Structures are given as C-alpha cells and as structure tokens.
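These protein sequences, in sequence, are chains A and B. Going by the numbering used here, the first sequence runs without a break in its numbering and finishes at 483. Going by the numbering used here, the second sequence runs without a break in its numbering and finishes at 467. Glycine included, C-beta positions come from ideal geometry on N, C-alpha and C. Predicted model only: the values in this text are computed from it and were never measured. The structure appears right after this line, and notes come after that.
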Amino acid sequence: MKKLLCIILSVFLCLGALLVSGCGLIEKEQTDDEIRQEIEELIENEVDLDAGRDYTGTLKVLYQDIPSETAIIDALLGAFSQAYPNITIERIPMVETNYLTLLPNMHSTAYRTGDYSEMPDVMWTTNEVFAGWIQRDMLMPVNYFDDADDSFSAADTFVELMLEDSMLGERMYMFPRDYDQIVMYYNRELLELAGIPESRIPSDRALTSAEFNQLLRDLRTAFDNMEGTNPANEHPYSKVRPLDAIWTWGSLCWPTLKSFGGSVMAEDGSVDFNTPENIRAATYVRELIRDELTFGTGTTKHANFVNNLAPLCFETRAVLTDLIDQSQEVPGVAPKDLGVAPMPILDSEENYAIGAGCSGYGMYRYAENPTEAWLFLKFMAGEEGQNAFCSTGNGVPSNKNLLFAENATWRNLTDPQFSALTNFNHDAFVYKWDTAACTLQDFKLLVDVVAAREPVAQAVSEVMTICLGSSLDTYQADIARAFERGAANIYSTIEGYRI
Amino acid sequence: MKSKTLSSENAALSRKRALRSLKKNLVSYSFLLPFIVGTLIFTLYPIVMSLLYALSNFNGTRITQIGFFNFGYIFDFSEFGWGRRVFGSLGVTFLYVIGNMTLSLVLSYLLALFLHRNIPAIRAIRVLCYLPCLIPGIASGVIWTDAFSTNLADPSMNGLFNTWLMKLGLEPMTFFTAASTSLPTLIFTGLWGIGGGMIMWLAAFGNISPELYEAAKMDGAGYFRRLFFITVPMSTPILFYNVVTSMIGGLQVFGTYANYGVGVEDSLHFIAIRIYITAFQNTFPGNYGLACAMAWILFVIIAALTLVMFKTGGWIQYGEGDE
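Printed below as a string of structure tokens:
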C-alpha cells in the first residue's frame, strides 16, 4: 500500500513538474491585429519597397525537384537573374514527399532554434497544402506587402479566380503562378482512323452534351468494329475507349457534379451533398464506364491518351510536354496530331462548369531576405516573369493581362519541341474563364472549419471513387448509398475538426 | 563529539571507497558512456518530451495551451468526439491482433509439426517455408494488393484471386475494397510470415528431451497423446513468448498503412496509424499533442496486458523445476 502510494505520488510529482516546465514554453496566440502590426513593422524596417534593378542581395528559392518544376524554375530564375543581376540565387531543390513532411519539420526546428538560415525565402506551394502551413506559421501574408507597395497591385494583376485560390480568409498567402483550366485534348490520328472528321469538334465553342455523347458513342462504335492492332502500342484497336479522364481528381470531379446542378455545401454552411443532381452526375460517369466510353475508375493520369488507347482526354495545359513526349516507353501523341478544344458541356448549358486551379509561390514567414523575396514574387507575377514561365510550354499565365494578348509567350511557343503543333487552339485554355471556370473554393469557402476544408474535398473525391468502382448490377443503389454515406462523412469530418 | 568524529571518518571512508571503485571501473564506464548518452538523448528525452507534448497543444511549431485536455478529447464519446475514433481504432487493432495471432500461431504450429520429422529434403522444405519471411513487407504488400485487387466496374481489371474465382464461375470478392472483407483479407496476407513462427516452434521441439517420448512410447502412448501431453506442454514457454511478442507487435501494427492505407470506412485504421496521421498528416498541421496522448494510452494498454499475461503465466511448463 505504502509502495503504491509512493508510485502515485511520484507520478503526480512528475506530471506536475512537466506541467510547470511546459508552462515556460507557452506562447501567446497572436491576434489578427498583432500579426498585421508585426508585418507592417517588418516591411517598414527591413523591406526596401523601392529596390530597383540594381539591388544587391541573396534569394533562396525552394522548389519541387521534378523535371517539369525544374524546367519552370530554370526559366523563371534565368529571367529574374537577368533583371536583377546583383541578386545571388540559392536554389533548394526538394523531392515531392519531403515537401509535405520534411519542410514543416525543418520549419519547426528553425522556429525553435531561431536559426532560419536553412529555410528558403520563397517556396512553391498550392492551395491544397498551404492551410496547414499557415497554421504552423510558415507562410507570410503577402497582402500586407501588396498594400504597402504602390508599384504593384495583386487585384489588378491576377485572374480573380486564382487570386481567390491564393487566399485564406482575408489574407493572401501565395502569388498564383499559373492559370490551369481543364480542356479536351484530342488525337487527330485516332479520330481519322475512326472516320470522325475534326470539324465535329469545334474550336470556338464547347460541344453540347448531346454532341459530346454522340461523339463518344461514334468513336466507340468505330473502334469496336475495327480489326487489327495499333502498331504504336501493340494493342488491338477494339481496346480503344473514347475518353481518358481522371474523374476522381477534385478539379474534374467538382465541375462534373456542378455541371449537373450538384453541390457539396449549402450557402448557409450546412452539408448539401446527398442530392439527386450529384447522384445523376455520378451515374452519368458510371454509365460512361459501363458503355466502355471511358476507363475504369478514371485514375490513369492521361496514361491511356499518351498510349494511344483514347482519342480524347480531359487535362490541363500543365501536362502539354508530357502528352507530346515521344521519348518514353509509351508512344505519346505526335505534336502535329495533338488538338485541343474547350471542355464539353456535360449536361445543361446553364450549369456549364470547367475545373480550374493553380499553384504558385509563397514567401516564408521568417524569410531572411524579404526584400529579395518580394522582388521575386512581383517579378514572377509581372509580364516578364509570366512570359519566362510560359516559355516552358506548360503554363497559362495567372496574369490576366496576358490571357488574351496575342503576342504573349504562351500563345507563341518558340521551343523546337512545340514547332510541330499545328492549329493548336490556345483559346481553349481560357474559354469562358470568367463565367464557367470554377475551383474547389466554391464549396471549401462554405466550410466554416478551416482545417476541415481539404479533408472535405478529399471526401468528395472518395465518394466519386466508390461510385465509379460500383458493381455493374447494383451501381444505382450503390451510388445512392455512397452519397448518403458521403454526406454523413462530410458532416462528421467538419464536426470532427471543430475541436 | 566522539560520535561526530566517527561519522565524518565514515563518510570520508565511503567517499574514498566510491572514488576507488570509480577509478577501478573507469574503463567499463567509458565503454558504457556512448550507450548511456544515447539512451538519455534518444530514449529518455523523447519519452519525457512526448509526455510533455501529451499535456499540450503542440502543433510542431509552438505550444499555446497546457493541461490534460488531450486526454479529455480521447475520452470524449460524444457524436463527433475523438473517443469514438480512437477507441474505434483500438477495436480494429484488437480484432487484428486476435485474428492474426490466433491464425498465425496455430498454422505455424501445425506447419512446424508437419516439418518436424525426418523425411527426405526436409531442410530444403523448411527453407522454402521460411523464404517468404525474407521478402520485405512493403514488397509483399504490393504483391498482395495486386493479387487481391477488385474492380467490380471493369472485371477485366480484376486481380489474380478474382480472376481465378471468375474462372471457377464464382462471383468476384471485394477483398480490400469493402469494409467487411478488408480485415480478414489482411489477416490472410499475414500467413505469408508463418515461416518465422515455424522456426521458433522447431527450435522448441528440438529442445524437448527424446527420453520423454521414448518413455511415453513404452507406456503405449500414441501420436496424439504424445502431442497433447508432451509436445504441447513442453512448447508453452515459446508459445508464451510468441503470444506476448505477437500481441505487442500486433497492437503497434503500422506497416500496412503503406500498402492498404486506412481501408474502406476505416476498416484498417489501426491505432498506430491514427497516431501517425494525427501527428503528421499532410494536409493540415499535425496535432502532436493529441497524438502523444494517444501513444501514452496505447503504452498503458500494452503494459497492462503484458503485466496480466505475466501474472497469469502459471500454465507455462518450464520443464524440470518449473521456474
């Protein structure tokens, strides 16, 4: 008994000591006003907003170490170095997985030791990850820089939708680099094989749902009756299905639901997911699979299109070089055969929706070189930077002044790999950008618990995954049940994150 | 006065002795130093810090609150409280431990019994049975994922097992794609590793004195009597060891996350995975405090179960002397 008492007392003493020592580590949570004040002081004392092209300094840039991002950062930093020759660039490449795990841990260490020398000044980010980074105090609210700098205005520069995608609440945490809208790529060679004239895919307007569905069915019939094997991929022609699309990808899944009048959240912030419109949308896609008009669960990331197993593909400009890459195992699409058209209307014209999104660059909250970081962000957003970025071929500018400029680099690609692109309809990438384009922010902003926004978006995609994988015999009942459960899941996700 | 002098003399003497002992053992201590420092830095410090974090809202960057609230969240069984999630994961973990442990122990025992005989090429057969254990879990996970893959929408994309089922004219099964079949499928894949248990059993059988069998034979005991009255009782120490280590390992199961995630409707959301996701999930800052609190709860459960097993270990036959 005495021993037990001693143990209990010791445990309480240890816990007490831990609590007391922990109290010494407590930091006061900053209010919005305190954050604003702190950053305004930083701008006043440490940032040279009048810095010119002769500014001398160092800029540390962190980016994803993958070929497409490396090509983009090469182009951007090359142009930046020409514009600011006295700024030394330190590049910090980081592999994709470390971006999400190591970087926050590096920040934690830097924050606790007060040594930010290993941290970047500027880093690539997206709306999908930055909520967590903001919570950890990793990103600078750059709207205060925007307010203080008279030579720049984010509102006048960026496409409004992308600007919205770069914000959390009233603050802006990222400068959007690109404007990515889903289009319908097509393979002219396969269309010709199927006897479908290219004129059936107009370049100046979106296909109506009736036209689109008929096109899919005609393609399927043509390939179904075709004998022989495609020498490019050694697959029988009968294996070709008309459309390759990543239906479970949030940026396609949401506009698909929206096209049928669907929703995720109601305006009052309540869950509005288990609706007949959503069920109709999912049923539509499931039936495309049933009729062999599109592929399985739709998660192939344009693999079937580049393998010449699908003449049509829903994708964005960001993958253009992947589609025409003919140096890989899969044949790819010859540049002369690659056509592009606006995203078709999937249901009624009044609900026409096109998925859009962006990635961009944020400033590290404790950047050692905030002046250089701000200069880089402004440069990237400006016409010089955007043209440099677009010269890689995989980008549509986020700068709205360049979207329709005929002389903009993204419409006049000079790299030899693009020289064979013929009748390439650049306008498809900005078709109805101001009226039909939509992002996941449509419903994410209606979720009042910030932490739950991304999990809710994931839950929506999960429901689509379940619907597309449902059994042929019971898919209607399965889809109805998936939405019923999905709505409950979204509700519990939001409430679960509320604590 | 005299006693004071005596006690100071005693103290000086004991100091001298301690110093002499230290000098004598200096080399030993210097060899132990790296281990002691390593234990302090890499074991004791994290243990103390994890307890501190369990009492805070540490998110990887800062602490703004301290107290017992994380434990409050864990025991909050309201509709959206963490209690249901944490104890749901614990429930799934216990089901996995029971299923996996029972099946693996029984089948590895039967396999060892079968292989504990002098037949031609027995060594080669044993090696073949053990070989799957040499394949890394992540690699075997990829194989199982592919073999059990299910595509009800497009049957041509089904995995090996469903293709076999369909060729036999049976309906394809859901395997990892339905909550009801995920856990049994995962337990089934655990059979891949029964060769490891088999080796332990074979070692235990090798330690049983042949005289016992001979005496039993002379008394007219058949195979099953010898099995149940000699082999099984004499292998209880290894059985106990296997049960304890399987239970501890099973309660901390985590490797499945890489291949199968958390399963449909959290059917494979084991407690260690929940701890990991709570601390390190990508889309939102980790709730390190809550994760540490969960880890401490898991520690208490494992410690308590291990203690119970040792306290109720009277059934173990340690042979002569039964110590």
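8 Å Cβ cut-off: residues of chain A touching residue i
i	result
F424 (chain B)	T85
Closest by C-alpha distance to residue i, when choosing among the options
i	options	result
E251 (chain A)	A:E22, A:G179, A:L430, A:I71	A:L430
G341 (chain A)	A:K(-14), A:M151, A:K12, A:D49	A:M151
V488 (chain A)	A:V248, A:I180, A:Q165	Residue coverage of chain A in this structure runs from -15 to 483, which leaves residue 488 (chain A) outside it and unanswerable.
C374 (chain A)	A:A59, A:D130, A:P215, A:T267	A:A59
D131 (chain A)	A:K362, A:P326, A:Q460	A:K362
E80 (chain A)	A:E22, A:E74, A:D49, A:G379	A:D49
S135 (chain A)	A:V4, A:L359, A:V(-5), A:E218	A:L359
F215 (chain B)	B:V230, B:I207, B:G204	B:V230
S332 (chain A)	A:T192, A:L387, A:D256	A:T192
I222 (chain A)	A:L386, A:L3, A:A178, A:S243	The residue asked about is misnamed: residue 222 (chain A) is Ser in this sequence, not Ile. When only C-alpha atoms are compared, the closest one is A:A178.
G212 (chain A)	A:V224, A:Y95, A:D202	A:V224
V250 (chain B)	B:S165, B:I338, B:P381	B:I338
8 Å Cβ cutoff met for residue i and residue j
i	j	result
G281 (chain B)	D410 (chain B)	no
Y420 (chain B)	L330 (chain B)	no
T507 (chain A)	F424 (chain B)	With chain A represented from -15 up to 483, any question about residue 507 (chain A) goes unanswered, as that position is not in the structure.
R20 (chain A)	Y128 (chain A)	yes
L145 (chain A)	A138 (chain A)	no
A229 (chain A)	F298 (chain A)	yes
P295 (chain A)	P220 (chain A)	no
I329 (chain A)	V317 (chain A)	no
I263 (chain A)	F427 (chain A)	no
F414 (chain B)	V388 (chain B)	no
N383 (chain A)	Q401 (chain A)	no
For residue j and residue i, the rounded distance between their alpha carbons
i	j	result
I10 (chain A)	Y350 (chain A)	20 Å
N197 (chain A)	T400 (chain B)	42 Å
R161 (chain A)	F413 (chain A)	15 Å
M310 (chain B)	T294 (chain B)	12 Å
E467 (chain B)	F349 (chain B)	Bear in mind that a pLDDT of 47 at E467 (chain B), under 50, signals an unreliable position, so the model cannot answer this.
I(-9) (chain A)	E479 (chain A)	39 Å
A162 (chain B)	A402 (chain B)	53 Å
L(-3) (chain A)	K(-13) (chain A)	15 Å
L327 (chain B)	F320 (chain B)	8 Å
W345 (chain B)	D363 (chain B)	26 Å
F384 (chain B)	G458 (chain B)	11 Å
A266 (chain A)	V324 (chain A)	25 Å
Y47 (chain A)	V271 (chain B)	48 Å
A365 (chain A)	E22 (chain A)	25 Å
G430 (chain B)	F443 (chain B)	20 Å
V376 (chain B)	P354 (chain B)	14 Å
F224 (chain B)	S476 (chain A)	6 Å
F114 (chain A)	A421 (chain A)	22 Å
I263 (chain B)	L254 (chain B)	16 Å
L293 (chain A)	P239 (chain A)	25 Å
V290 (chain A)	V444 (chain A)	28 Å
N244 (chain B)	R204 (chain A)	48 Å
Y170 (chain A)	G339 (chain A)	18 Å
Interface residues of chain B facing residue i [CB-CB closer than 8 Å]
i	result
D121 (chain A)	T205, R206
E11 (chain A)	R206, I207, T208
G280 (chain A)	N295, A297, D298, M301
S92 (chain A)	G204, T205
Interface flag, residue i vs chain C, CB-CB below 8 Å
i	result
P226 (chain A)	Within the model displayed, chain C is absent; protein chains A and B are what it includes.
Chain-ordered chain B contacts of residue i [CB-CB under 7 Å]
i	result
S254 (chain A)	Chain B residues near S254 (chain A): none, gap ~15 Å exceeds 7 Å.
E479 (chain A)	F224
Under 7 Å by beta carbon: chain A residues contacting residue i
i	result
T321 (chain B)	G453
Within chain B, the residues that residue i reaches when beta carbons sit closer than 9 Å
i	result
S476 (chain A)	E223, F224
Y221 (chain A)	The premise fails here: Y221 (chain A) is roughly 16 Å from chain B at the closest Cβ pair, so nothing lies under 9 Å.
P125 (chain A)	Within 9 Å Cβ-Cβ: nothing; P125 (chain A) doesn't reach chain B, min ~16 Å.
Under 8 Å (Cβ pairs) to chain A, residues found in the region 188 to 214 of chain B: V192, L195, L196, L199, S200, N203, G204, T205, R206, I207, T208, Q209, I210, G211
If the cut-off is 9 Å on Cβ atoms, which residues from the region -2 to 9 of chain A count as contacting chain B, listed in chain order? Listed by position, the residues of the region -2 to 9 of chain A near chain B (Cβ gap below 9 Å) are C(-2), L(-1), L2, L3, S5, G6, C7, L9.
Interface positions of the region 283 to 296 of chain B facing chain A (Cβ-Cβ less than 9 Å), listed along the chain: Answer in chain order: T294, N295, L296.
Select from the region 325 to 339 of chain B all residues with a C-beta closer than 7 Å to any C-beta belonging to chain A, and list them in chain order. none
Residues within the region 222 to 256 of chain B neighbouring chain A, beta-carbon criterion of under 9 Å: E223, F224, G225, W226, R229
Residues from the region 454 to 468 of chain A in contact with chain B, defined by Cβ distance under 8 Å: Only those residues of the region 454 to 468 of chain A whose C-beta falls short of 8 Å from the nearest C-beta of chain B are listed: S454, S455, L456, Y459.
Name, going along the chain, the residues of the region 249 to 273 of chain A whose beta-carbon falls closer than 9 Å to a beta-carbon of chain B. R270, I273
Quick one: which residues of the region 91 to 114 of chain A get their C-beta closer than 9 Å to a C-beta of chain B? List them in chain order. Within the region 91 to 114 of chain A, H91, S92, Y95, R96, E112, V113 place their CB atoms closer than 9 Å to a CB of chain B, listed in sequence order.
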